[in-house]
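Protein chains in written order, with our numbering: chain A, 1 to 232; chain B, 1 to 259.
The beta-carbon is built from N, C-alpha and C at its ideal position, and this holds for glycine as well.
All values reported here derive from a predicted model rather than from experimental measurement.
Quick notes on the structure that follows.
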């Protein structure tokens, strides 16, 4: 379980998140929306344990969280294969398990021909696929996605989003995913969280109602557009 | 972050050769002008090299110096590197070490030799101690600088994926520090040789520096310059046979590979 309790975060004494209360239980899927700088990345970084709240608490009980960043963040001096292997070894897996999982995920993201290439030789899409393989090879029980596909073309973005949804459905992992695109997000999650002025507003999606996602996306769009119109 | 790296133009070998020839010609002219008592010509020095090597004391002096260089430079660089990594991670430690770094960089090595002679007497412990002391700050400064330039995004990534300290050291810090560290090692090695020879001239009973001082006092100018030639060959060998291949091996990822 991931739990934010009265969590506040200030950056240079400017409030980013104000008294956030949120519980992400196993299997739950949350989407994060908000204009740039609203605090989506900060919330995900707190969940991953690399940013500490200014006050309140953020406790993560998941054992294998993985965060997929906006950029691939591959080690440029290690090959694609090594980039996937090293976090697995850090997890304490045996050598044969590390090799098996690495090969499996390199295959799944279709990077077999580039397995021994340096990250500097990959295209943006290939590098992000390698980063995805690195995250999924850990078999995470909490998947944190920070607009990981925003720089990719729409077709590849759809394929990789589908891969993430597929993994979450099959593994039962919890998901927190941020995005700029409400339509794409509502297809992946059960509930959207809109961050505005440091506060979180919930938009639940009714799985029984086939029109619920479209309506939620529409409402979110309107809210984001209003917000943009009111920003000086 | 751009991952594509364009290789800078390689140093021109022909121009390096020309630079070497200019030095030899200048040396030769200077020796002719000053006379054999003051300076041996390059050719006379070269002729004295086999004579020097064949003499009974050569091995004793050369091995004493090499041992001191190896111990002094490796311990000094290791301490400088280790402190640099830790200081790169901790602003408090960085602040704490700053006055010491300044002190060691500002104090003239000859003063350290004189003090070390007082504390350790003549011989190897004094030479090694002063070499270590003089090696540490250069390596430390380069390591800290490199640590502060490590991509914060990669740093975050290693924390998300729970790399321990040693894994971060091996897969993040060391590779990221390759360029500043190999440059620092080249400077440190050449500096180490110079320091050891100087300390030996001033206060040792063996070693290349001691033999140099001896040759000077017996006015054996050719032998003196033969020692200088051998020391230059040693520094060149360390740089071109050890450090440059190491640097190339560690920066393999910057070159396009087979894939």
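query, result
"Under the three-state DSSP convention, the category residue 43(B) falls into", "helix"
"Cutoff 7 angstroms; reference residue 199(A); Cβ partners in own chain excluding five residues on either side", "18"
"Residues bridged to residue 31(A) [DSSP beta-bridge criterion]", "177(A), 192(A)"
"Minimum Cβ-Cβ distance from residue 175(B) to chain A less than 8 angstroms", "yes"
"Simplified DSSP assignment, three categories, for residue 10(A)", "strand"
"Option in 177(B), 172(B), 244(B), 132(B) with minimal Cα separation from residue 79(B)", "132(B)"
"beta-carbon residue 2(A) near the ligand FAD non-hydrogen atom, thresh 7 angstroms", "Of the ligands one can find in the structure shown there are none, so the ligand FAD has no counterpart to examine."
"Straight-line gap, residue 163(A) to residue 67(B) (C-alpha atoms, nearest Å)", "60 angstroms"
"8 angstroms Cβ cutoff, residue 259(B) in contact with chain A", "Caution applies to residue 259(B), whose pLDDT of 42 falls short of 50 and renders its modelled position unreliable; the model cannot decide the point."
"Span separating the alpha-carbon of residue 24(B) from that of residue 42(B)", "7 angstroms"
"Contacts that residue 32(A) makes with chain B (C-beta to C-beta distance below 7 angstroms)", "Result: empty, since nearest Cβ-Cβ is about 17 angstroms, beyond 7 angstroms."
"Contact set between residue 67(A) and chain B, taken where Cβ atoms lie within less than 8 angstroms", "160"
"Neighbour list for residue 171(B) in chain A, Cβ cutoff strictly below 7 angstroms", "75, 78, 86"
"Beta-carbon proximity list for residue 201(A), same chain, < 6 angstroms, skipping 5 on both sides", "194"
"Range of the contiguous beta strand (DSSP E) that encloses residue 201(A)", "199-204"
"Per-residue DSSP class, three states only, for residue 15(A)", "strand"
"Within 8 angstroms, strictly: CB atoms of residue 86(A) and residue 167(B)", "yes"
"Cβ-based neighbour list, residue 14(A), same chain, cut-off 7 angstroms, excluding 5 preceding and 5 following", "none"
"is_contact[residue 167(B), chain A] using C-beta, thresh 8 angstroms", "yes"
"Endpoints, the beta strand (DSSP E) within which residue 59(A) is located", "55-60"
"Interface residues of chain A facing residue 154(B) [CB-CB closer than 7 angstroms]", "73, 75"
"Integer Cβ distance of residue 262(A) from residue 144(A), believed to fall under 8 angstroms", "Here chain A covers residues 1 to 232 and nothing more, so residue 262(A) does not appear."
"Sequence-distant residues of its chain with Cβ nearer than 8 angstroms to residue 1(B) (five each side left out)", "With a pLDDT of only 46 at residue 1(B), under 50, the local geometry of the prediction cannot be trusted, and the value read off the model is given with reservation. Closer than 8 angstroms at Cβ, skipping near neighbours: 151, 153."
"Those residues which DSSP pairs with residue 5(A) across a bridge", "57(A)"
"8 angstroms Cβ cutoff met for residue 166(A) and residue 29(A)", "no"
"Local Cβ density within 10 Å of residue 169(A), reported as buried at 16 or more and exposed below that", "exposed"
"Integer Cβ distance of residue 206(B) from residue 61(B), believed to fall under 8 angstroms", "6 angstroms"
"Residue 203(B) vs residue 126(B) beta-carbon contact at 8 angstroms", "yes"
"Cutoff 6 angstroms; reference residue 115(A); Cβ partners in own chain excluding five residues on either side", "80, 81, 106"
"Identified DSSP bridge partners for residue 146(A)", "178(A)"
"Extent of the continuous alpha helix (DSSP H) run through residue 65(A)", "Taken as a continuous stretch (DSSP letters only), residue 65(A) belongs to no alpha helix (DSSP H), being part of the beta strand (DSSP E) at 65-68."
"Check whether residue 213(A) and residue 205(A) have beta carbons under 8 angstroms apart", "yes"
"Spatially closest choice to residue 104(A) from 76(A), 139(A), 90(A), by CA coordinates", "139(A)"
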